[in-house]
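Residue numbers (my numbering): 1402 to 1925.
Below: one structure, written as structure tokens.
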């Protein structure tokens, strides 16, 4: 039985944001998809996993739908049931050759990621892996970013996750009939003149979509203008927000000359990928972040910047700052699938610093970056503008922007309890976030007391990824130790204060007792 059955995203068309990620992939360097490798204590039961997936796919139309381009680029692509859907084209099995080490597994994961998804089919693929040392297994997965963001993918994964090893099997589902019914419903809709594949319907939708896209800001402005007489202060606020929105879009779509220089050591780019994995204790990292004046997210970013600093020093190229980005979730529902996020770029100091100073720098910089992203609407404004431009212009601008990002980050919160997959216990999940023209993507996943960092790098940029992973491991160990030291010092001070206060109270009581005794003696 799956961990939870969620409402799913059933929109007929891609959002502006999803359409941008669909289109931008025409430049292979900008592949926006995210993958993962789930390490298991034993291989999954293939028949049981397939049964779970059939039941899950039946409840999640996006997994049996393919993307159909809109009219030109005026309207966004539509989601249409795939009449030729074949689950075996999306799920396959692989045996890892001996000895089956973790290094072999991570290399296989990176290799599988390099194989592009078939854009004529539903945009996902799973690989069941056996042959690992110690009788372990693994599950490799990729879902196109136009289908779901990181949180959406985690929620979709609940369809094949269980809370116990011997959970009841998923119900038998006639998936083929479900899809046939969906195809028939789509064809009936088409014959009624209201579908994405109908030329006239597409033209009508395209025209109305273009009007909504171009006049959306105008309508919002008009609504604000109507409120100006009642509150004149809104004039400056409204104009400021509009100007900031256009400026933010322009900055993202134009060459990044205004940004701080990217790392001179990580300047090369390629389509090659290399995966490393670093694990720390999630509670220790959270405690350290709090002790040093930040959150677990701040500690995560601070640890990475320290690793970047150390790597550059070790390679004889110290830097003063590093350009990075983090993901700001805008999700407000509990749906599986879909996209609700904004990537937020920021520049952080990368010179020598103590862990406390590093965390403080992150706290200050991210607060400002979040404020700007929320003020300007983030990807919402950018995607609407970008989707009106020729693909070549957008990909060139995206490459330029990505080239100025040394590393991208994301932090996903997983289950705090053990999970199971078709009879196998989940040991860890190593994420492969989209590198997409940056030097690396480091995506963290917390799960059952652990904080696993998938360090997915472009090896042309970071030519010694093993050394960088070692820098990450050492940096986080030092940050956690520093946080523990601060916490112990604070605890000792608190204990001393309590002890002193207790002594003062006892002294006062003793003095009061003596005074009372003296008064009593005098009275007698």
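Quick reminder that beta carbons are idealized off the backbone N, C-alpha and C, glycines included.
Since we're looking at a predicted model, the values are computed, not measured.
Around residue 1584, the same chain offers 1482, 1484 as residues with beta carbons nearer than 6 Å, after the five sequence neighbours per side are excluded. For the set 1493, 1480, 1429, the Cα lying nearest the Cα of residue 1523 is the one of 1480. Pairing residue 1793 with residue 1547, the inter-Cα distance amounts to about 19 Å. Per the coordinates, the alpha-carbon of residue 1746 lies some 6 Å from the alpha-carbon of residue 1725.
With contacts defined by Cβ atoms closer than 8 Å, residue 1837 and residue 1803 form a contacting pair. Going by C-alpha positions, residue 1515 is about 16 Å away from residue 1856.
Looking only at 1491, 1498, 1563, the smallest Cα-Cα distance to residue 1528 is reached by 1491. In this structure, DSSP gives residue 1552 a helical state, which the three-state scheme calls helix.
For residue 1505, the enclosing alpha helix (DSSP H) stretches over residues 1503-1514. Here the alpha carbon of residue 1720 sits roughly 10 Å from the alpha carbon of residue 1662.
Excluding five sequence positions before and after residue 1685, the CB atoms of its chain that fall closer than 6 Å to its own CB belong to 1881, given in chain order.
Closest option to residue 1868, judged by alpha-carbon separation, among 1716, 1674, 1438: 1716. The three-state reading of DSSP puts residue 1676 in strand, counting E and B together.
Boundaries around residue 1584 are those of the alpha helix (DSSP H), 1576-1592, since no beta strand (DSSP E) includes it.
The way I'd put it, the segment 1838-1846 doesn't touch the segment 1445-1457; fewer than three beta-carbon pairs between them come closer than 8 Å. Apart from sequence neighbours up to five positions away, the residues of its chain that approach residue 1861 with a beta-carbon distance below 8 Å are 1669, 1670, 1671, 1673, ordered along the chain. Here residue 1763 is buried, its C-beta having at least 16 other C-beta atoms within 10 Å.
Residue 1873 sits in a helix when the DSSP states are folded into three classes.
If you compare the alpha carbons of 1471, 1553, 1563 with that of residue 1813, the shortest gap goes to 1553. In this structure, residue 1495 lies near residue 1530, with their beta-carbon atoms less than 8 Å apart.
A residue is called buried once 16 or more other Cβ atoms fall within 10 Å of its Cβ, and residue 1824 is buried on that count. Closest in C-alpha terms to residue 1507, from the list 1702, 1416, 1533, comes 1533. A distance below 6 Å between beta-carbons, with the five flanking residues on each side excluded, links residue 1876 to the following residues of its chain, in chain order: 1704, 1707, 1708.
The alpha-carbon of residue 1440 is positioned some 42 Å away from that of residue 1789. With respect to the 8 Å criterion, residue 1853 and residue 1817 are not classified as neighbours on the basis of their beta carbons. Every beta strand (DSSP E) stretch that sits fully inside the segment 1802-1831 and reaches 3 residues is listed by chain position as 1808-1814. DSSP places residue 1482 inside the beta strand (DSSP E), whose first and last residues are 1479-1482.
Rounded to the nearest whole angstrom, the C-alpha separation of residue 1517 and residue 1435 is 12 Å. For residue 1686, there is no enclosing beta strand (DSSP E); the residue is found in the alpha helix (DSSP H) stretching over 1683-1692. Taking the Cβ atoms as the reference, residue 1884 lies roughly 6 Å from residue 1688, within the contact range of under 8 Å. Taking all protein chains shown into account, residue 1468 has 16 or more neighbouring C-beta atoms within 10 Å of its C-beta and is therefore buried.
In summary, residue 1765 is exposed, with fewer than 16 beta-carbon neighbours lying within 10 Å of its beta-carbon over all protein chains present. Looking at 1453, 1751, 1773, 1690, the one whose alpha-carbon comes closest to that of residue 1744 is 1773. Ranked by Cα distance from residue 1680, the options 1886, 1872, 1890, 1461 are led by 1872.
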